Amino acid sequence: MGRAPRVKKLHIFAATYVVLSLALVATVYQLSLKSGLDQLSRSGAVIVEQSADRLIAQLESYRELTDLMARHPQISALLEGRSTTERTSEFMLRTALITGTKEIHALDANGKVQASSILEDQPQIIGTDWSGRADVVAARTRRMGVYHSADENGQRSYYFARSVLRDDSSPQGYVVVKVNMDELEAEWRIDETVVTFFDPAGVGFVSNRLGLALRRDETLERVPPATFDYPAGLIQQLPSYTPSAVGGVTLLNFPKDSEMPSRALAVSQDVPLIDMTARAFMDAQPAISQARLLASLSAALLSLFGLGFAIFVQSRARLADQLRLEAEANTKLEARVAKRNAQLQKAQDDLVQASKLTALGQMSAGISHELNQPISAIQNYAANAKKLIERGREPEASENLTLISEQTQRMGRIIHNLRGFARKETEPLEKVNVAEVLSASLEFASQRIKSEGVTLNATTAPEAWVDAGQVRLQQVIVNLLSNAVDALTDCARKEITVSLSKRRDQVQLVISDTGPGLADIERAFEPFYTTKEIGASKGLGLGLSISYGIIGSFGGLLSVENLAAGGAAFTITLPALSTPEAKNDPDIASH
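Quick note on the UniProt record's numbering: the sequence shown kicks off at 1 and runs consecutively.
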């Protein structure tokens, strides 16, 4: 390639890289900003919820005081004419001083004030009609009534009202408790985040910033401000702000001289218990600054990367040939390794098959004996059946024919097991019932077990489904049984115990014997390791190392241990399948 085309190509690459880098920096800024604002929104939701819980908890004691006063005998005595206004008002004054309540009032059934804790200061309050106020109206229906208002001095109050019930559950009067909200807010002033509770008229009734109290936000207005008892000219507008969309959310931009953050994320939550909306004004400037910082770092990293990549491009031409040669060499090496692995796998498969055929030859005498017995029985039953037919004893002859059929089935099972053991399995794994494979293996090895005088104790589960190769699993089981018989050759006590069980999500098959055990148990599964004499012809020749590999290919484990009472125990552990899953499998249903 000439110099001019190469320089042109480099310029195109540089321009493309700059455009992509700018796009990536912008993406980093947007994602970082969105993540920061999302985190800010989650934090705001927590703050709003905590603030609402704190306010409700502060008001709860006054709610409970209202319930207590509504059930107090002194109030009932007043409403029933058994006490005077002065005595009841004195009682209310003492209660208000003890509990920190601003005012307590008792109303008759018509909603007129009959006694008050402020009787001494404002005697004219007696007879005042509060029947139309929201809290009294709600208390008339035996609910807890709530109400809030502000006086000419801007002092905000919250009211609780509860009905005083007669014995027939009808209201005979009402108790109203008045709370000074300025005192409740005193402990809120140190909060860093601005939190304000807006009533349905959009008026900030409770706030941790004194300057935001009784400020109105028209966007939150649900009812006219005249709904509440606010004096004229007392309500002012919230500091003016302009909304702007940033990072997929709306931010409120306040003047810098206000008590609000200059760029605020408003997080709101309705508080039905007090019929207000809690709103936290989260400072979004740190999230914006963090996004800008990450974008700057991204730009710096991309610049460094671009410089490094330019250096790399210069050296790439010299390294290309070397890399190509190395790639070709690696390809050839991988091909040779794959070919060698295939040869080794084929050699192992041939060894396994040859071992099986050798074992079949060694077992031929026992298998012939197994087949001779049913053949002789068939001959006898056939001769007897012929004589019985000649004598007209057809029912007894039919029984002999049934016995002949049973012996034929027995011969079929022996031949089926023999053919299955000799088959060279190449199919993938399938769902197999280990109980059926174990039964076929025990039947296959039963003749040698009997001929060696070995006692077999077998405990099996009816169903134990696993993913395996049926033929290979049977070969491993028969190999372990054969090894166990070999180990008992010179023993006085000859016993083999076979146990098949399901434990949680595993299937375990344990084959143990009463032989001498393994002298070097750590080498049991090493290739070419054997405990038999050189030239010995017993056993299948399958080898524990190959058996170990077969079980491992099923995702299981073949392990061995020497027993304390003598002998060795081989354990096959395989992952279990649920019985319904196995029964519903179409492949198993076809076996």
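For each residue, glycine too, the CB sits at the ideal point set by N, CA and C.
From a predicted model like this one, the values you see are computed outputs, not experimental measurements.
Handout entry: Beta-bridge partners of F197, as assigned by DSSP
Key = According to DSSP, F197 bridges with V206, A278.
Problem - Distance, T514 Cα to R493 Cα - result: Whole-angstrom Cα-Cα distance: 7 Å.
Handout entry: Bridge partner(s) assigned by DSSP for W465
Key = Looking at the DSSP assignment, W465 forms a beta bridge with N433, L577.
Exercise for the section: Ignore the nearest five residues each way along the sequence and tell me which others in L302's own chain have a CB closer than 8 Å to its CB. Expected result: Taken in chain order, the residues that qualify are S21, L24, V25.
Exercise for the section: Please classify K102: does DSSP put it in a helix, a strand, or coil? Expected result: Reduced to three states, the DSSP call for K102 is coil.
Problem - Neighbourhood of A15 by C-beta distance below 8 Å, restricted to the same chain and skipping five residues each side - result: There are no such residues.
Exercise for the section: Alpha carbon to alpha carbon, how far is A329 from V337? Give it in angstroms, no decimals. Expected result: One C-alpha to the other measures close to 12 Å.
Handout entry: contact_flag[the stretch 152-159, the stretch 31-48] where n(CB pairs < 8 Å) is 3 or more
Key = Short answer: they don't touch.
Practice task
Determine the closest residue to F205 out of I190, E221, D191, with distance taken between C-alpha atoms.
Solution key: Answer by Cα proximity: E221.
Exercise for the section: Drop a sphere of 10 angstroms on the beta-carbon of V179, count the other beta-carbons inside from all chains shown, and report buried for 16 or more, exposed for fewer. Expected result: Burial state of V179 is buried, judged by a 10 Å Cβ sphere holding 16 or more other Cβ atoms.
Exercise for the section: Taking the CB atoms as reference points, tell me whether V485 and I449 lie closer together than 9 Å. Expected result: The criterion of a C-beta distance shorter than 9 Å is satisfied by V485 and I449.
Handout entry: Local Cβ density within 10 Å of L480, reported as buried at 16 or more and exposed below that
Key = By the neighbour-count rule (16 or more Cβ atoms within 10 Å), L480 is buried.
Problem - Strand pairing of V498, partner residues [DSSP] - result: In the DSSP output, where bridge partners are listed per residue, V498 has A458, I511.
Handout entry: Three-way DSSP call (helix, strand, coil) for D135 in this model
Key = Helix, per DSSP.
Practice task
Kindly indicate the opening and closing residues of the beta strand (DSSP E) around Q269.
Solution key: Its beta strand (DSSP E) spans residues 263-271.
Problem - Residues near E80 by beta carbon distance below 8 Å, same chain, minus five either side - result: Closer than 8 Å at the Cβ level, and outside the excluded window around E80, lie Q172.
Problem - Complete alpha helix (DSSP H) runs within the stretch 29-107 (minimum length 4 residues, chain order) - result: Complete alpha helix (DSSP H) runs here, min 4: 73-79, 85-99.
Problem - Collapsed DSSP secondary structure at F554 in the structure displayed - result: Looking at F554 - three-state DSSP - the assignment turns out to be coil, as it is neither helix nor strand.
Practice task
On a CA-only basis, which of R503, S268, E436, S439 is nearest S51? Give me that one, please.
Solution key: When only C-alpha atoms are compared, the closest one is S268.
Exercise for the section: Go through its chain and collect everything with a Cβ distance to V195's Cβ below 6 Å, but skip five positions before and after it. Expected result: Within the same chain, S51, N208, A280 come within 6 Å of V195 by CB-CB distance, once the 5 residues on both sides are set aside.
Exercise for the section: Apply the 10 Å Cβ neighbour rule to V164 and answer buried if 16 or more other Cβ atoms are within range, or exposed otherwise. Expected result: Label assigned to V164: buried.
Problem - Continuous alpha helix (DSSP H) stretch holding L184: start and end - result: DSSP places L184 inside the alpha helix (DSSP H), whose first and last residues are 181-185.
Handout entry: Nearest-angstrom Cα separation, counted from A284 out to A96
Key = Their backbone Cα atoms lie some 43 Å apart in a straight line.
Exercise for the section: Keeping to the same chain, check which residues put their C-beta closer than 6 Å to that of D191; ignore five residues upstream and five downstream. Expected result: Counting only Cβ-Cβ distances below 6 Å, and skipping sequence neighbours, we find N208.
Problem - P575 burial status per 10 Å Cβ neighbour count (16 or more: buried) - result: Burial call: exposed.
Handout entry: Candidates L518, R215, L500, of which the one nearest A511 by Cα
Key = For clarity, residue 511 is Ile in the given sequence; the question names Ala instead. Looking at the Cα atoms, L500 is the closest of the given residues.
Problem - A57 versus R71: straight-line alpha-carbon distance, rounded - result: Here the alpha carbon of A57 sits roughly 22 Å from the alpha carbon of R71.
Practice task
State the CB to CB distance for the pair G202 and R216, rounded to an integer number of angstroms; the pair is presumed to be in contact (CB under 8 Å).
Solution key: About 5 Å; that satisfies the 8 Å criterion.
Exercise for the section: Go through the stretch 469-495 residue by residue and report every complete run of the alpha helix (DSSP H) that reaches 4 residues or more, in order. Expected result: Scanning the stretch 469-495 from its first residue to its last, the whole alpha helix (DSSP H) runs of 4-plus residues come out as 470-487.
Practice task
Thinking E103 and I126 are a contact (beta carbons under 8 Å), I'd like their distance in whole angstroms, please.
Solution key: With a Cβ gap of about 13 Å, E103 and I126 do not count as contacting.
Handout entry: Euclidean distance between Cα positions of L107 and A115
Key = Whole-angstrom Cα-Cα distance: 7 Å.
Practice task
Can you grab the Cα-Cα spacing for the pair L473 / I550, in whole Å?
Solution key: Their Cα atoms are separated by approximately 8 Å.
Practice task
Using beta-carbon positions only, say whether E152 and P231 come within less than 9 Å of one another.
Solution key: Contact: yes.
Handout entry: Member of E526, G517, D67, T193 whose CA lies at the smallest distance from the CA of A564
Key = It is G517.
Problem - For K256, three-class secondary structure by DSSP - result: Three-state DSSP puts K256 in coil, outside helix and strand.
Exercise for the section: Classify residue 592 as helix, strand or coil using the three-state DSSP reduction. Expected result: A query on residue 592 cannot be resolved here, the shown segment of the chain reaching from 1 to 591 and no further.
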